[in-house]
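The opening position of the sequence shown corresponds to residue 2 in the numbering used here, with each subsequent residue numbered one higher.
Where is the CB? At the ideal position from N, CA and C, for every residue including glycine.
From a predicted model like this one, the values you see are computed outputs, not experimental measurements.
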Amino acid sequence: MSIKVYNTMTRGKEELVPREDGKISMYVCGPTVYNYIHIGNARTFINFDMIQGYLRFAGFDVTYVQNVTDVDDKIIGKANEEGVSTDVVAEKYRVAFEEDMAALGIEPPDIAPRATECIPDMLEVIEALVEKGYAYESDGDVYFEVKRFDDYGKLSRRNLEEQRMTVQCEVDAARKRDPFDFALWKASKPGEPSWESPWGPGRPGWHIECSTMSIKYLGTGFDIHGGGQDLIFPHHENEIAQSEAFADGARFVRYWLHSGMLNIDREKMSKSLGNIRSLREVLAEHDADTVRMLMLGTHYRSPLSFGDGSLAEVHASLARIRNCRFNLEDHIRKAAGEKAGLHHSDRQTVLVHFLNEAEVEFRGHMDDDFNSAAALGVIFGVVREVNSYLDEAGDIKTPAGKLVLLEAQRVLDGLCGALGLFRGAAESAGSVERVPMGGPAATEGPSREQLIELLLRVRETAREGGNFEFADRIRDGLAELGVRVEDVQDGFRWRLER
Ligand SMILES: [Zn+2]
């Protein structure tokens with residue numbers, strides 16, 4: 002079994018082969034903290050949260066780095082507008098960003114470096130680029146000289162010479178040797194944030210921030226670099242040029258993943274159309290799981306049209322999953338532990354088989370470049386099947402029946418969890434306390450041996466019905482508890498290992 006990802010660099014799906022076996026190193030361009038994020042930004046962060054979450058679910062040891070750009074022209078602009086310092090602006094919107102992510106139930110990255118904490122590292126990279134002849138100083142600025150990097154344009158597949166013929170480049174550019182050269186370091190104007198450098202006081206350019214922070218925390222040649230599709234050019238193209246020039250041509254990133262754009266009611270979100278919607282506005286009206294599910298209902302690379310109509314529909318679908326989970330909880334709580342009924346009914350066997358197949362199908366979709374839309378379809382299939390089982394079954398009275406309910410709960414919760422659904426605070430309001438599988442320790446009642454025997458007979462029934470995955474799960478669960486099971490010719494043997 003392997004995971005395939007669409008690599009923007011090669012424009013095709015490739016098997017995900019990490020730099021280090023079993024580990025994934027992943028960097029996603031974080032927010033520039035000068036404003037509340039809009040719903041399009043939120044889509045990117047939800048998508049990459051889904052991706053990192055699924056990679057963990059699939060068993061990888063993931064290191065997820067997402068930077069905070071806290072020094073930038075836009076922050077300086079906002080500070081001037083509001084008449085406060087850039088620090089005040091950056092801190093205000095950095096905190097707001099963290100609050101927004103928490104409200105969405107997004108897991109915090111493992112490492113969230115701030116650009117202003119990594120200035121000495123950036124200076125090191127810029128100095129090396131100057132030394133190696135890829136960058137030049139001009140009047141207190143330092144520029145990367147694009148034409149010195151032969152592979153420039155390999156990600157965005159832009160031919161600069163063609164562009165030069167057709168596009169009028171705005172040239173701020175008495176200082177630049179070529180209009181396509183971009184700033185690694187900018188001399189500060191009075192009143193702007195500045196740091197000392199060999200070229201005088203100044204601040205880093207945006208592109209060098211990401212190159213430096215990703216290499217600092219993940220090393221060159223890390224696995225996944227992500228961001229919105231709008232960052233492919235020039236941001237990611239420039240990151241590649243700087244980073245690979247710095248590393249003497251060594252590959253910067255193994256797989257480039259890009260999240261699709263979000264439109265509002267089929268129109269591009271833009272200041273001029275006045276249709277920019279902040280995440281906060283949207284979350285004031287809709288709960289986080291509804292927003293997440295709307296996003297995951299479209300493949301992460303495809304464009305998505307966002308509108309209140311579609312949110313209402315998603316809300317109704319989400320309620321179907323919620324109700325099914327609550328019904329399951331309820332049945333499990335009420336399921337009696339009577340001694341009779343050690344065998345699955347045929348209907349139970351069918352359900353367990355269905356659940357196992359659903360898990361396999363879900364993984365198949367997610368392994369295929371994180372097809373969350375198809376994976377959601379599998380979850381709805383499980384909901385339909387479990388609902389019809391609960392309708393038919395009425396009260397569940399047998400231990401085998403209770404185990405089946407617990408299995409249904411495990412699968413449904415597991416699949417929702419793999420997509421990051423029902424993580425947020427909104428969930429706790431309606432949830433019912435979970436009944437632990439072992440139940441409270443009873444002073445009277447069945448002995449440990451009796452319970453082990455019971456489980457093993459359920460396992461036998463599962464094996465007879467061909468449900469080997471379910472049977473193996475019981476065996477493995479027992480093994481974790483120190484009960485070793487051996488299959489012998491006409492049954493099983495077990496012993497306690499500790
Ligand atoms: Zn970036």
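Give the DSSP bridge partners of residue i, in chain order.
{"i": "residue 256", "result": "225"}
{"i": "residue 186", "result": "143 and 205"}
{"i": "residue 13", "result": "8"}
{"i": "residue 285", "result": "Bridge partners of residue 285: none, in fact."}
{"i": "residue 264", "result": "269 and 306"}
{"i": "residue 493", "result": "488"}
{"i": "residue 138", "result": "143"}
{"i": "residue 64", "result": "26"}
{"i": "residue 200", "result": "BP columns for residue 200 are empty, so no partner."}
{"i": "residue 369", "result": "5"}
{"i": "residue 70", "result": "33"}
{"i": "residue 279", "result": "39"}
{"i": "residue 21", "result": "24"}
Whose C-beta lies closer than 6 Å to the C-beta of residue i among residues of the same chain, with five residues either side of it excluded?
{"i": "residue 127", "result": "143, 185 and 186"}
{"i": "residue 229", "result": "45 and 260"}
{"i": "residue 76", "result": "35, 87, 90 and 91"}
{"i": "residue 296", "result": "44 and 47"}
{"i": "residue 433", "result": "At residue 433 the pLDDT is 31, less than 50, meaning the model places this residue with poor confidence; the figure from the coordinates comes in the next sentence. Excluding residues within five positions, the ones whose Cβ falls inside 6 Å are 330."}
{"i": "residue 58", "result": "419"}
{"i": "residue 17", "result": "4 and 6"}
{"i": "residue 265", "result": "276 and 307"}
{"i": "residue 26", "result": "64, 219, 223 and 224"}
{"i": "residue 435", "result": "For residue 435, the pLDDT reaches just 31, beneath the cut-off of 50, and the residue's location in the model is therefore unreliable, although a value from the coordinates is still provided. Correct list: empty, nothing qualifies."}
{"i": "residue 480", "result": "none"}
{"i": "residue 10", "result": "156 and 257"}
Looking only at C-alpha atoms, which of the options sits nearest to residue i?
{"i": "residue 210", "options": "178, 244 and 234", "result": "244"}
{"i": "residue 14", "options": "395, 496, 372 and 31", "result": "372"}
{"i": "residue 226", "options": "75, 9, 258 and 374", "result": "258"}
{"i": "residue 139", "options": "203, 154, 99 and 106", "result": "203"}
{"i": "residue 62", "options": "52, 69 and 70", "result": "52"}
{"i": "residue 156", "options": "241, 112 and 405", "result": "241"}
{"i": "residue 151", "options": "476, 239, 400 and 404", "result": "239"}
{"i": "residue 115", "options": "48, 205 and 389", "result": "205"}
{"i": "residue 250", "options": "133, 331 and 195", "result": "133"}
{"i": "residue 214", "options": "321, 164 and 28", "result": "28"}
{"i": "residue 224", "options": "300, 6, 318 and 122", "result": "6"}
{"i": "residue 331", "options": "96, 282 and 388", "result": "388"}
{"i": "residue 232", "options": "24, 195, 273 and 207", "result": "207"}
{"i": "residue 79", "options": "316, 417, 452 and 33", "result": "33"}
{"i": "residue 201", "options": "135, 124 and 248", "result": "124"}
{"i": "residue 197", "options": "162, 149, 159 and 141", "result": "141"}
{"i": "residue 101", "options": "301, 39, 165 and 316", "result": "39"}
{"i": "residue 1", "options": "56, 10, 9 and 8", "result": "The requested residue 1 is not part of the displayed model; the chain covers only 2 to 499."}
{"i": "residue 452", "options": "469, 467, 495 and 416", "result": "495"}
{"i": "residue 154", "options": "252, 237 and 189", "result": "237"}
{"i": "residue 131", "options": "199, 381, 67 and 74", "result": "199"}
{"i": "residue 183", "options": "216, 148 and 189", "result": "148"}
{"i": "residue 246", "options": "287, 356 and 129", "result": "129"}
{"i": "residue 318", "options": "60, 137, 456 and 380", "result": "380"}
{"i": "residue 285", "options": "309, 469, 300 and 267", "result": "309"}
{"i": "residue 267", "options": "311, 288 and 360", "result": "311"}
{"i": "residue 1", "options": "366, 353, 367 and 362", "result": "Nothing in the structure corresponds to residue 1, since the chain is present only between 2 and 499."}
{"i": "residue 12", "options": "73, 302, 70 and 298", "result": "302"}
For residue i, which residues in the same chain have their Cβ closer than 7 Å to its Cβ, ignoring the five residues on either side in sequence?
{"i": "residue 422", "result": "290, 293 and 294"}
{"i": "residue 50", "result": "107, 108 and 421"}
{"i": "residue 254", "result": "223 and 226"}
{"i": "residue 159", "result": "234"}
{"i": "residue 20", "result": "26, 222, 223, 224 and 255"}
{"i": "residue 482", "result": "none"}
{"i": "residue 135", "result": "145, 146, 149, 150 and 246"}
Thinking residue i and residue j are a contact (beta carbons under 8 Å), I'd like their distance in whole angstroms, please.
{"i": "residue 262", "j": "residue 304", "result": "5 Å"}
{"i": "residue 420", "j": "residue 376", "result": "6 Å"}
{"i": "residue 325", "j": "residue 404", "result": "Their Cβ separation, rounded to whole angstroms, is 18 Å, which puts residue 325 and residue 404 out of contact at 8 Å."}
{"i": "residue 270", "j": "residue 41", "result": "6 Å"}
{"i": "residue 221", "j": "residue 345", "result": "So it is not a contact: roughly 54 Å between Cβ atoms."}
{"i": "residue 459", "j": "residue 401", "result": "5 Å"}
{"i": "residue 37", "j": "residue 280", "result": "7 Å"}
{"i": "residue 120", "j": "residue 218", "result": "Contact doesn't hold; Cβ gap of about 15 Å is too wide."}
{"i": "residue 146", "j": "residue 176", "result": "The pair is not a contact, with the Cβ atoms about 12 Å apart (cut-off 8 Å)."}
{"i": "residue 110", "j": "residue 67", "result": "4 Å"}
{"i": "residue 333", "j": "residue 417", "result": "So it is not a contact: roughly 16 Å between Cβ atoms."}
{"i": "residue 386", "j": "residue 355", "result": "5 Å"}
Report whether the distance from the Cβ of residue i to the nearest heavy atom of ligand 2 is below 7 Å.
{"i": "residue 202", "result": "Among the ligands modelled here, namely ligand 1, ligand 2 does not occur."}
Could you name the residues of the same chain whose beta carbon sits closer than 8 Å to that of residue i, not counting the 5 residues immediately before and after it, in chain order?
{"i": "residue 484", "result": "453, 495, 496, 497 and 498"}
{"i": "residue 438", "result": "Note on residue 438: pLDDT 35, under 50, position unreliable in the model; no value is reported."}
Inset, instruction - Mind listing which residues have their beta carbon within less than 5 Å of any non-hydrogen atom of ligand 1? Chain order is fine. - result: 30 and 211
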